[in-house]
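Counting along the first sequence from 1, when you hit position 86 you're at 86 in full-length UniProt numbering, and nothing is skipped either side.
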Amino acid sequence: MTDQILQDFNISGFQKALLHWYDQNKRDLPWRENQDPYRIWVSEIMLQQTKVDTVIPYFHHFLEKFPTVQDLAAAEEQEVLKAWEGLGYYSRARNLQHAVREVVTEYNGEIPSTPKELGSLKGVGPYTKGAILSIAFNKPEPAVDGNVMRVFSRLLHIEDDIAQARTKKLFEEYTRELISSDDPSSFNQAIMDLGATICTPKAPTCMLCPLHEYCRAFADGVQEKLPIKQKAKKPKPVPYVTLVIKNRHDQVIIEKRSNQGLLANLWQFPMIPLTEVSIDHIENWFRSEYGLKVNMNAKMDQIKHTFSHLVWHLEVHEAELVEDQTVVSDERLKLINKSDISQYPFPVSHQKIIKLIK
DNA sequence: AACCCGGGGTC
DNA sequence: GACCCAGGGTT
Numbered sequence: 001m002t003d004q005i006l007q008d009f010n011i012s013g014f015q016k017a018l019l020h021w022y023d024q025n026k027r028d029l030p031w032r033e034n035q036d037p038y039r040i041w042v043s044e045i046m047l048q049q050t051k052v053d054t055v056i057p058y059f060h061h062f063l064e065k066f067p068t069v070q071d072l073a074a075a076e077e078q079e080v081l082k083a084w085e086g087l088g089y090y091s092r093a094r095n096l097q098h099a100v101r102e103v104v105t106e107y108n109g110e111i112p113s114t115p116k117e118l119g120s121l122k123g124v125g126p127y128t129k130g131a132i133l134s135i136a137f138n139k140p141e142p143a144v145d146g147n148v149m150r151v152f153s154r155l156l157h158i159e160d161d162i163a164q165a166r167t168k169k170l171f172e173e174y175t176r177e178l179i180s181s182d183d184p185s186s187f188n189q190a191i192m193d194l195g196a197t198i199c200t201p202k203a204p205t206c207m208l209c210p211l212h213e214y215c216r217a218f219a220d221g222v223q224e225k226l227p228i229k230q231k232a233k234k235p236k237p238v239p240y241v242t243l244v245i246k247n248r249h250d251q252v253i254i255e256k257r258s259n260q261g262l263l264a265n266l267w268q269f270p271m272i273p274l275t276e277v278s279i280d281h282i283e284n285w286f287r288s289e290y291g292l293k294v295n296m297n298a299k300m301d302q303i304k305h306t307f308s309h310l311v312w313h314l315e316v317h318e319a320e321l322v323e324d325q326t327v328v329s330d331e332r333l334k335l336i337n338k339s340d341i342s343q344y345p346f347p348v349s350h351q352k353i354i355k356l357i358k
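So this is what it looks like as C-alpha cells:
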C-alpha cells in the first residue's frame with residue numbers, strides 16, 4: 001500500500017534535510033527544556049487544536065501550580081478547571097487529571113512508556129500517544145496531526161480527504177516508513193515546526209523550505225491546493241436569555257453546569273433557552289425550574305459566542321431576587337459575593353458578562 | 001463514520 | 001465570514 005507511493009522517494013535524503021533544518025531552526029519552546037514526560041504530556045494536551053502562542057502562558061502557570069503528577073492528582077478538579085479557564089475543550093483538563101490519578105495509583109507515579117499502557121489513559125489518543133512516545137521516550141512512533149497530514153500530503157502529493165478517519169491511518173503508515181530511527185523525537189517535532197512556520201495552510205513559503213527538492217506538490221505546482229479537506233458544517237445558532245440576578249448585598253447568583261457535555265462543571269449565569277421558553281414567561285419558568293422568585297429587568301447586552309458546532313446568542317438581562325433572599329435551595333445555584341466571582345471557572349462567553357457587571 | 005467538544009488567530 | 005490549530009471521546 002505505502003510501497004507504491006514511497007518506492008521512488010529518497011527517504012534518507014529527506015530525513016537528513018529535515019533534521020538538519022530542525023537543528024538550525026527549531027523553536028525555543030518551554031516544553032523543550034528537557035524530556036520530562038509529564039511536561040511533554042501536559043504540553044501535548046494543551047496543544048490539541050490550540051496554537052503554540054496561546055498555550056505558552058497557560059503551560060507556565062499550570063506547571064507552576066501543578067509541578068508533578070502527584071500535585072495534579074491531589075488537586076481539586078475546580079482548581080484544575082480554573083487553571084484551564086479560557087483555553088477551551090475543558091474535558092481535556094478533566095481527562096488529564098483523571099489519567100494522572102491513574103498514573104499515581106496504577107503506575108507508582110511513573111508515566112508508562114508502552115503504546116498500550118499510554119494509549120489506555122484517558123485523553124491520550126493516537127496522536128498524543130505517539131507524541132509522548134517519540135518526544136519523551138525517543139521511540140519511532142507516528143504522531144499524526146493536522147500539521148503532519150498537511151506536510152506529507154504535499155510532500156507526497158496525496159489527494160485523499162484528510163477529514164476522513166481512514167486517511168489519518170494512511171498517514172500513520174507513511175510516517176512509519178519515513179520516520180528517522182536515529183532521532184524520532186526530532187523527526188516528529190521537525191515536521192510540526194515545518195508545518196507551523198514554512199509549510200503553512202495558506203501561502204506556504206516553499207522557497208525557504210528545506211524539503212522543496214523532495215516535494216511532489218511543489219514540483220507539480222499544487223502546494224496551495226493541498227491538503228484536500230471536506231468542509232465543516234456551519235454551527236447552529238441557539239438563543240438564550242441570561243440573567244444576572246442580584247440582591248441588595250452586592251451578591252449575585254451563579255450556576256454550576258452539568259458534569260457532562262458542553263463546558264462540563266464550569267460556572268455561568270443562569271441561562272434560559274428561548275427555544276423552550278418565550279421571553280414573556282421567563283420569570284414563571286425560572287420559579288418552576290429553580291424555585292426562585294426573580295424580577296427580570298432591563299436588557300444589559302447582547303452577546304454572540306461561537307463554538308465549533310453552535311453559536312450562542314445571549315440576551316443578557318439584569319434581574320433581582322424579589323424578596324431579600326440570602327439562600328438558594330437549588331443545588332445548581334449559588335449566591336456569592338461579587339468579589340468572589342474570580343474564584344470560579346467561567347467560560348469565555350460568561351467572562352464577557354463578568355466584565356459587564358464590574 | 002459522524003458527531004460532540006472551545007477559543008483564538010489569520011486572511 | 002471561512003479556515004485552521006501538536007485531537008479525543010462517544011455513539
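Cβ atoms here follow ideal geometry from the backbone N, Cα and C, with glycine treated the same way. Note that the coordinates shown come from a computational prediction; the quantities given were computed from them, not determined experimentally.
Contact between the segment 310-325 and the segment 289-301 (3+ Cβ pairs under 8 Å): yes
Cβ neighbour criterion (16 or more within 10 Å) applied to D23: exposed
Of the listed residues A93, S120, R94, nearest to E106 (C-alpha basis): S120
Coil, strand or helix - P273 by DSSP: strand
Inter-residue Cα distance where the pair is L310 and Y240: 13 Å
Cα-Cα separation, Q35 to I135: 7 Å
C-alpha distance - H305 paired with W312, whole-angstrom precision: 5 Å
Ranges of the beta strand (DSSP E) found wholly within the segment 4-60, counting only runs of at least 3: none
Three-state secondary structure (DSSP) of K82: helix
Per-residue DSSP class, three states only, for D183: coil
Buried versus exposed call for G291 [16 or more other C-beta atoms within 10 Å across all chains shown]: exposed
Burial state of T167, where buried means 16 or more other Cβ atoms lie within 10 Å: buried
Distance between G146 and Q164 (C-alpha atoms, nearest Å): 12 Å
Residue of P270, A131, V252, Q260 minimising C-alpha distance to K358: V252
Delimiting residues of the beta strand (DSSP E) encompassing N337: 333-337
Cβ neighbours of L18 in the same chain (closer than 6 Å, five flanking residues each side left out): A190
Integer-rounded CB distance, given that W41 should sit under 8 Å from I158: The pair is not a contact, with the Cβ atoms about 30 Å apart (cut-off 8 Å).
Nearest to I279 (by Cα), restricted to the options T242, D250, I303, S258: T242
Three-state secondary structure assigned by DSSP to D280: helix
Complete runs of the beta strand (DSSP E) confined to the segment 197-264 [at least 3 residues]: 236-246, 251-256
CB of G123 within 8 Å of CB of R92, strictly: yes
Nonlocal neighbours in the same chain, by C-beta distance under 7 Å from V100, ignoring five residues either side: V69, L72, A73
Local conformation of K355 per DSSP, three classes: helix
Beta carbon of residue 379 nearer than 8 Å to that of L6: The first residue shown for the chain is 1 and the last is 358, placing residue 379 beyond what the model contains.
Limits of the beta strand (DSSP E) - the one that L72 falls within: It is not in any beta strand (DSSP E) - L72 instead sits in the alpha helix (DSSP H) that spans 69-74.
Sheet register partners of T105 (DSSP bridge): Looking at the DSSP assignment, T105 forms no beta bridge with any residue, so it has no partner.
Helix, strand or coil at T167 [DSSP, three-state]: helix
In DSSP terms, what A298 is bridged to: DSSP output for A298 lists no bridge partner at all.
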